[in-house]
Amino acid sequence: MTYWDTSALFKLYVPEGDSSYFLNLATESGEALATSSITAVEILCGAHRKECAGMIRKGAANAALERFLSDCREGRLMAVPYGEDVIAAAKEVARLAFRGLLPVTVRALDAIHVASAMAVRADVMVATDLRLRAVADLVKLKLLPLRQP
Numbered sequence: 009m010t011y012w013d014t015s016a017l018f019k020l021y022v023p024e025g026d027s028s029y030f031l032n033l034a035t036e037s038g039e040a041l042a043t044s045s046i047t048a049v050e051i052l053c054g055a056h057r058k059e060c061a062g063m064i065r066k067g068a069a070n071a072a073l074e075r076f077l078s079d080c081r082e083g084r085l086m087a088v089p090y091g092e093d094v095i096a097a098a099k100e101v102a103r104l105a106f107r108g109l110l111p112v113t114v115r116a117l118d119a120i121h122v123a124s125a126m127a128v129r130a131d132v133m134v135a136t137d138l139r140l141r142a143v144a145d146l147v148k149l150k151l152l153p154l155r156q157p
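If you read the sequence shown in my numbering, its first letter stands for residue 9, the second for the next number, and so on.
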């Protein structure tokens with residue numbers, strides 16, 4: 009299973025310079041994409057930031073959220089619920105991140121995303137956020153893209 013972090017999934021709902029790369033990646037897989045249930049709020053807030061900055065038209069943030077929710081309802085996206093299994097996996101993520109001589113600083117939402125991927129036994133993580141990628145690497149998730157498009 010392939011898990012998509014908001015940093016990559018956002019590009020499917022709000023146009024960015026590399027959105028076409030991620031759209032192709034999503035359609036090539038031929039499977040439902042997994043993401044955390046927190047992604048809905050992250051997409052909404054990120055799109056509102058772009059709206060306020062004049063980078064996207066007014067109303068585009070709510071439209072992006074509605075497309076995301078529709079993809080969840082239609083089964084194109086599986087939103088992993090934030091529950092006890094994710095919390096247990098997040099404890100392991102935090103332990104791994106902070107145990108070494110050179111700790112990896114893990115942010116709370118990054119821990120939730122990596123833990124959500126672990127909870128659904130994903131083997132691949134699609135993400136552009138470098139700090140999240142470092143944490144995903146700790147738990148041996150294969151990372152895509154291999155390099156920034």
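Yeah, the Cβ is synthetic: ideal placement off N, Cα and C, and Gly gets one too.
Where does the unbroken beta strand (DSSP E) through residue i begin, and where does it stop?
i, result
"Ala87", "85–88"
Do residue i and residue j have their C-beta atoms closer together than 9 Å?
i, j, result
"Arg75", "Tyr21", "yes"
"Ser15", "Ile120", "no"
"Val101", "Val128", "no"
"Leu151", "Met126", "no"
"Ala55", "Ala69", "yes"
"Met9", "Ala87", "no"
"Leu109", "Val147", "no"
Given a threshold of 16 other Cβ atoms within 10 Å of its Cβ, counted over all protein chains shown, does residue i qualify as buried or as exposed?
i, result
"Leu85", "buried"
"Thr35", "exposed"
"Ser124", "buried"
"Asp118", "buried"
"Lys66", "exposed"
"Glu230", "The structure shown does not extend to residue 230, since the chain is modelled only from 9 to 157, so the question has no answer here."
"Ile64", "buried"
"Phe30", "buried"
"Lys99", "exposed"
"Arg57", "exposed"
"Ile95", "exposed"
From what residue to what residue does the alpha helix (DSSP H) around residue i run?
i, result
"Val94", "92–107"
"Leu152", "It is not in any alpha helix (DSSP H) - Leu152 instead sits in the beta strand (DSSP E) that spans 150–152."
"Val122", "116–127"
"Leu146", "138–146"
Bridge partners for residue i per DSSP, in chain order?
i, result
"Thr166", "No answer is possible for residue 166: it lies beyond the span of the chain, which begins at 9 and ends at 157."
Handout entry: Ranges of the beta strand (DSSP E) found wholly within the stretch 27–87, counting only runs of at least 3
Key = 41–44
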